[in-house]
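Those letters in the sequence shown? Residues 173 to 445, by our numbering.
Idealized CB from N, CA, C, for every residue including glycine.
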Amino acid sequence: LVVGAEKLSMAVDWTDRETCVLFGDGAGAVVVEASNSPTGVMAFELGSEGAAWDALVVPGGGSANPMSQGVIDRKENYLRMDGKRVFKFATRTMSRSVQNVVRASGVPFDEVDFIVPHQANARIIETAVKRLKVNPDKVMVNLDRYGNTSAASIPIALSEAVDQGKIQDGNHIVLVGFGAGLTWASVVIHWEPARTAEEESILVADWPVRERLQIQAEKMRAALWSAQVSARTRVEEASMAVMLPFYTWQSNRRKQKNVDLIEPPAEDSPSSE
């Protein structure tokens, strides 16, 4: 089970209109298994451009700049983005990566049936599609409903494309994304998902007694999971409130030590006779 989940509403500054209106919360999952049939992943590409690390970053809250009152006051615990740099990187990298991975797969480009890009923003997708000279109808776009859900965007878009009949069995599809780092990835897939045997589906899904038991069990699991998440959240918030003064003190102490190491010792003044 491959899961992509994000809660970016906690990482954006809601007074910064350049970022807060772009992102959303979401989760998507895909079941992946080995297969002897000639389907699935045909080629992939991964890459990074570390020199552009600061184009999309949360400056504070990590090990290099731990959470402290100063980090919060300077809003360093929120996501910061250089929109122009990210736009140039994304449009260039997405189109180039799609070309590379399709070439590596051996599939002629005109036989690519559908593309599912990372749902970053409409202008990035439109520009990349124009550079690839692809029919927009062959590209999945759903960010108008969810915004940029980061790691969840491709799984959600893939699921919706299948549900809407835009991806059919036997299609060659391309998934392409980019993110902080700055990083990128793309993959060509021969879409031929495994089917559950009819006999098994009757036993599991269509048996009324089992179905009722499953629904009840799922409700109980969901309620338990929700209670556990709420409890963990309360504990984390309480722990943060207790530890924040210590983190602030520790950060200030570390900075003072660095200053002490940098400043040379004062020279003794000559004594007067």
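Per DSSP, cross-strand counterpart(s) of residue i
i	result
S220	T355
F286	I345
A215	V360
D197	K179
N320	F195
M253	L228
V174	V202
Neighbour-count burial assignment, residue i, 16 or more Cβ in a 10 Å radius
i	result
N320	buried
E371	At E371 the pLDDT is 44, less than 50, meaning the model places this residue with poor confidence; the figure from the coordinates comes in the next sentence. The residue is exposed, with fewer than 16 neighbouring Cβ atoms inside 10 Å.
E283	exposed
G196	buried
E390	exposed
A377	A caution first: A377 carries a pLDDT of 47, below 50, which makes its placement in the model unreliable, though a value can still be read off. A377 should be labelled exposed.
G117	Because the chain here runs from 173 to 445, residue 117 falls outside it and cannot be looked at.
V204	exposed
F261	buried
W356	buried
S209	exposed
I387	exposed
T405	exposed
K338	buried
Q428	exposed
T187	exposed
V213	exposed
F273	Rather than Phe, the amino acid found at residue 273 in this sequence is Val. It is buried - the Cβ of V273 has at least 16 other Cβ atoms within 10 Å.
R426	exposed
Beta-carbon gap between residue i and residue j smaller than 7 angstroms
i	j	result
T191	L251	yes
A206	S277	no
A199	A324	yes
G234	E248	no
M312	V334	no
L354	E221	yes
N314	A329	yes
Of the listed residues the options, nearest to residue i (C-alpha basis)
i	options	result
P327	V346, D309, G342 and K310	V346
V306	N424, A292 and F281	F281
V174	S411, T405 and S331	S331
F286	V359, S235 and A223	V359
A224	S240, D254, E217 and V213	D254
V275	D245, V301, E409 and H344	Strictly speaking, residue 275 in this sequence is Arg, with Val absent from that position. That would be H344, whose Cα lies nearest to the Cα of R275.
Q291	E221, Q422 and Y318	Y318
V414	R426, S240 and V213	S240
Q340	K310, N314 and L354	K310
N424	E408, V243 and A399	V243
S269	D316, E217, I296 and D188	E217
L194	D226, K256, D316 and T263	D316
A417	D226, P238, R189 and N272	This sequence places Pro at residue 417; Ala is not what is there. Taking only the C-alpha atoms, the option nearest P417 is P238.
R264	I296, M412 and R426	I296
G226	G219, K256 and D245	Note on identity: in this sequence residue 226 is Asp, with Gly being the wrong assignment. Among G219, K256 and D245, the Cα nearest to that of D226 belongs to K256.
Q422	L385, V202, A236 and E409	A236
Own chain partners of residue i with C-beta closer than 6 angstroms, once the 5 adjacent residues on each side are dropped
i	result
P176	Note on identity: in this sequence residue 176 is Gly, with Pro being the wrong assignment. Closer than 6 angstroms at Cβ, skipping near neighbours: G200, A323, A324 and P327.
L228	M253, V258 and A352
K179	D197
S181	D197
D464	The question about residue 464 has no answer here: the residues shown for the chain are numbered 173 through 445.
D245	none
Own chain residues within Cβ distance below 8 angstroms of residue i, not counting five before or after
i	result
G342	H362, W363 and E364
Residues near residue i in its chain [Cβ-Cβ closer than 7 angstroms; skip 5 each side]
i	result
M267	Just to set this straight, residue 267 is Ser in the shown sequence, not Met. Around S267: A300, R303 and L304.
W379	The pLDDT assigned to W379 is 49, lower than 50, so where the model puts this residue is not dependable; a value taken from the coordinates is nonetheless given after this. Excluding positions up to five away in sequence, the list is empty.
S373	Low per-residue confidence applies at S373: pLDDT is 47, beneath 50, and the placement is therefore not dependable, though the value from the model is reported in the following sentence. No residues qualify anywhere along the chain.
R189	none
F308	Per the sequence shown, the amino acid found at residue 308 is Pro instead of Phe. Correct list, in chain order: V301.
T211	H362 and E364
Residue i beta carbon near the ligand GDP (any heavy atom closer than 6 angstroms)
i	result
F286	In terms of ligand content, the structure shown is empty, and the ligand GDP therefore cannot be addressed.
Neighbour flag for residue i against chain C, beta carbons, 7 angstroms
i	result
Q241	Included in the structure is just one protein chain, with no chain C present.
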